[in-house]
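Each residue of the sequence shown is one higher than the last, beginning at 1 in this note's numbering. Virtual Cβ for every residue (Gly too), placed ideally from N, Cα, C. Here's the structure we're looking at; comments come further down.
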Amino acid sequence: MNIVVVGAAFPFPANSGGRIRTVNLLIRLAKQHTITLLGTKNPDRKEAREAMEFLGDHRIKAVEVEHTVPPKSGPAFYARLAANLFSPHPYSVASHHGPALCQAVREIAAKETVDLWQAEWAAGVMALRGLPNAKRVVIANNVETLIWERYADTESNPLKRLYIREQARKYAKFERDAYKEADRVVVVSVDDEKLIRERFGCNRIDVVDNGIDRAFFEPVVPDRDPNRILFLGSLEWRPNLDALTLLLDTIFPQVRTAIPWVRLDIVGRNPPAALVKRLAVMDGATLHANVPDVRPFLAKSSVMAVPLRVGGGSRLKILEALATALPVVSTRVGAEGLELKAGVDLDIVEDPESMATALITALNHPVEARAKAENARKHVLERYDWDSLDELLEKSWERALGVTHAHAEQ
Numbered sequence: 001m002n003i004v005v006v007g008a009a010f011p012f013p014a015n016s017g018g019r020i021r022t023v024n025l026l027i028r029l030a031k032q033h034t035i036t037l038l039g040t041k042n043p044d045r046k047e048a049r050e051a052m053e054f055l056g057d058h059r060i061k062a063v064e065v066e067h068t069v070p071p072k073s074g075p076a077f078y079a080r081l082a083a084n085l086f087s088p089h090p091y092s093v094a095s096h097h098g099p100a101l102c103q104a105v106r107e108i109a110a111k112e113t114v115d116l117w118q119a120e121w122a123a124g125v126m127a128l129r130g131l132p133n134a135k136r137v138v139i140a141n142n143v144e145t146l147i148w149e150r151y152a153d154t155e156s157n158p159l160k161r162l163y164i165r166e167q168a169r170k171y172a173k174f175e176r177d178a179y180k181e182a183d184r185v186v187v188v189s190v191d192d193e194k195l196i197r198e199r200f201g202c203n204r205i206d207v208v209d210n211g212i213d214r215a216f217f218e219p220v221v222p223d224r225d226p227n228r229i230l231f232l233g234s235l236e237w238r239p240n241l242d243a244l245t246l247l248l249d250t251i252f253p254q255v256r257t258a259i260p261w262v263r264l265d266i267v268g269r270n271p272p273a274a275l276v277k278r279l280a281v282m283d284g285a286t287l288h289a290n291v292p293d294v295r296p297f298l299a300k301s302s303v304m305a306v307p308l309r310v311g312g313g314s315r316l317k318i319l320e321a322l323a324t325a326l327p328v329v330s331t332r333v334g335a336e337g338l339e340l341k342a343g344v345d346l347d348i349v350e351d352p353e354s355m356a357t358a359l360i361t362a363l364n365h366p367v368e369a370r371a372k373a374e375n376a377r378k379h380v381l382e383r384y385d386w387d388s389l390d391e392l393l394e395k396s397w398e399r400a401l402g403v404t405h406a407h408a409e410q
């Protein structure tokens with residue numbers, strides 16, 4: 001098949017959950033199919049060149065489009081947020097949309113016979129509206145309406161909460177329209193499939209789980225520091241920042257009261273300046289920004305903390321931790337969408353106070369914690385390997401086109 005993927009940015013370096021997912025699925029499917037990837041301009045030109053070279057080496061044609069997503073900081077950012085009050089689209093949809101991406105889509109459609117277009121969420125959905133008769137798959141790594149409703153539930157400022165609820169309302173309409181336009185919708189969990197089916201009335205849904213590169217994580221040899229907690233996640237994603245604030249304000253101080261020598265490693269991409277400043281003077285916590293490889297941190301930590309209150313989809317970082325037999329303590333929201341058993345594969349808690357207690361227990365009883373993680377490791381390596389998950393996306397492409405082949409009937 002000739003597939004054109006329309007995304008917000010090139011998924012390289014693979015240093016966030018969405019990028020990891022996209023690149024691992026596409027480089028495998030590019031062995032059998034012709035894949036073109038449209039991505040918005042990366043201001044870091046060195047990183048952009050490396051991304052295009054990497055994708056080209058894996059038989060993916062990368063086409064960069066002259067549209068740059070505006071930064072999420074400074075007076076201009078808040079002016080754009082205010083202006084969005086008069087837009088029918090959520091801010092994160094409007095900021096990723098631009099005429100250059102639409103033009104690039106039209107040019108490819110005019111020159112090539114494209115079997116299927118894949119929209120990597122908002123930017124792709126908007127750009128493909130100029131091709132009303134095109135076959136398309138929409139990738140929904142999260143149900144955004146749910147995330148924004150959870151933002152509102154956790155926001156204490158009344159004005160901010162009102163703004164966030166309006167964003168959630170806009171997202172509900174955007175998602176309903178996006179799912180209606182799609183020939184197939186791809187989600188990352190059965191939970192999201194059920195939510196989209198029930199809330200938005202869409203039945204053309206395929207589940208393609210998040211996964212891990214077994215060959216990348218399986219060789220990791222743990223060298224556990226018994227007093228080291230790990231927080232892992234992109235630090236430009238609001239749910240992770242909310243979770244980390246909760247960890248630093250409430251959970252970690254309680255753990256340090258019980259175990260004064262415990263350390264916290266925070267590993268993440270693009271931390272905001274305020275967080276860098278705070279951690280520079282915070283005792284017991286160390287920031288490791290934009291690391292090239294997370295495996296050393298997974299190997300030396302004693303337990304991973306996942307205190308998410310806001311989120312959707314499923315967490316690749318939990319799969320990565322368990323693929324290296326690192327014990328995990330997570331909230332219920334953090335562990336959503338994964339076929340893992342509470343108390344058997346990992347510890348799942350309901351509130352911050354319970355998370356502090358669970359982390360203390362894991363640190364004080366490492367044998368029991370590691371036994372759970374080792375049990376989960378076997379399951380994760382078998383169940384969540386990208387080498388089998390790519391076939392699920394391929395089948396979704398075929399369903400969108402009305403194609404059936406032999407292994408789909410087996």
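{"Check": "Would you decide whether GLU107 is buried or exposed? Buried here means 16 or more other CB atoms lie within 10 Å of its CB.", "Outcome": "exposed"}
{"Check": "When you compare only the Cα positions, how much space is there between TRP237 and SER330?", "Outcome": "18 Å"}
{"Check": "How about GLY56: is its Cβ closer than 7 Å to a heavy atom in the ligand SAH?", "Outcome": "The model depicted lacks the ligand SAH and carries no ligand whatsoever."}
{"Check": "Quick one: Cα of PHE200 to Cα of ASN84, how far?", "Outcome": "24 Å"}
{"Check": "Taking the C-alpha atoms as reference points, what is the distance between ASN240 and GLU47?", "Outcome": "24 Å"}
{"Check": "In the DSSP assignment, find the beta strand (DSSP E) that holds TRP117 and state where it starts and stops.", "Outcome": "116-119"}
{"Check": "Run through the stretch 159-241 for me and flag every whole alpha helix (DSSP H) of 4 or more residues, listed as ranges in chain order.", "Outcome": "190-200, 214-217"}
{"Check": "Which class does ALA134 belong to by DSSP, given the choice of helix, strand or coil?", "Outcome": "coil"}
{"Check": "With C-beta atoms as the reference, is LEU298 less than 8 Å away from ILE318?", "Outcome": "no"}
{"Check": "From what residue to what residue does the beta strand (DSSP E) around VAL281 run?", "Outcome": "Where VAL281 is concerned, there is no enclosing beta strand (DSSP E), given that its DSSP letter is neither H nor E."}
{"Check": "Return the CA-CA distance between ARG161 and ASP242, expressed in angstroms with no decimal places.", "Outcome": "15 Å"}
{"Check": "Considering just the uninterrupted stretch of the beta strand (DSSP E) at GLU64, what are its terminal residues?", "Outcome": "60-65"}
{"Check": "For GLU144 and TYR163, which I take to be in contact (beta-carbon distance under 8 Å), what is that distance rounded to the nearest angstrom?", "Outcome": "About 15 Å separates the two Cβ atoms, so there is no contact after all."}
{"Check": "In the DSSP assignment, find the beta strand (DSSP E) that holds ASP347 and state where it starts and stops.", "Outcome": "347-349"}
{"Check": "Are the beta-carbon atoms belonging to ALA123 and LEU146 less than 8 Å from one another?", "Outcome": "no"}
{"Check": "Using beta-carbon positions only, say whether PHE252 and ALA274 come within less than 8 Å of one another.", "Outcome": "no"}
{"Check": "Report the residue from LEU346, HIS96, LEU389, GLU353 whose alpha carbon sits nearest the alpha carbon of ALA373.", "Outcome": "LEU346"}
{"Check": "Between TRP386 and THR40, what straight-line distance do the alpha-carbon atoms span, to the nearest angstrom?", "Outcome": "25 Å"}
{"Check": "Would you report the Cα separation of PRO75 and ALA358, rounded to the nearest angstrom?", "Outcome": "41 Å"}
{"Check": "Applying the 10 Å Cβ sphere with the 16-neighbour rule, what's the burial state of ASP209?", "Outcome": "buried"}
{"Check": "Threshold first: 3 residues or longer. Then list the beta strand (DSSP E) segments lying entirely within the stretch 14-56, N to C.", "Outcome": "34-40"}
{"Check": "Report the residue from LEU381, GLY312, LEU326 whose alpha carbon sits nearest the alpha carbon of GLY18.", "Outcome": "GLY312"}
{"Check": "Between the C-alpha atoms of ALA406 and LEU392, what's the straight-line distance to the nearest angstrom?", "Outcome": "With a pLDDT of 41 at ALA406, under the threshold of 50, the modelled position of this residue cannot be trusted, and the question is left open."}
{"Check": "Might you give, ordered along the chain, the residues of its own chain that have their beta carbon closer than 7 Å to the beta carbon of ALA369, omitting 5 neighbours on each side?", "Outcome": "VAL303, PRO327, ALA362"}
{"Check": "If contacts are defined as beta-carbon pairs under 8 Å, then PRO307 and LEU287 qualify, I think. What distance do you get, rounded to the angstrom?", "Outcome": "So it is not a contact: roughly 17 Å between Cβ atoms."}
{"Check": "Would PRO99 be called buried (16 or more neighbouring beta carbons within 10 Å of its own) or exposed?", "Outcome": "exposed"}
{"Check": "Between ASP57, ASN141, GLY334, which has its C-alpha nearest SER189's C-alpha?", "Outcome": "ASN141"}
{"Check": "Could you work out which residue in ARG204, GLY402, ILE60, GLY334 is closest to GLU350 when comparing CA atoms only?", "Outcome": "GLY334"}
{"Check": "Taking ALA215 as the reference, give the member of ARG45, ALA14, LEU381 with the closest Cα.", "Outcome": "LEU381"}
{"Check": "Secondary structure at LEU264, three-state DSSP: helix, strand or coil?", "Outcome": "strand"}
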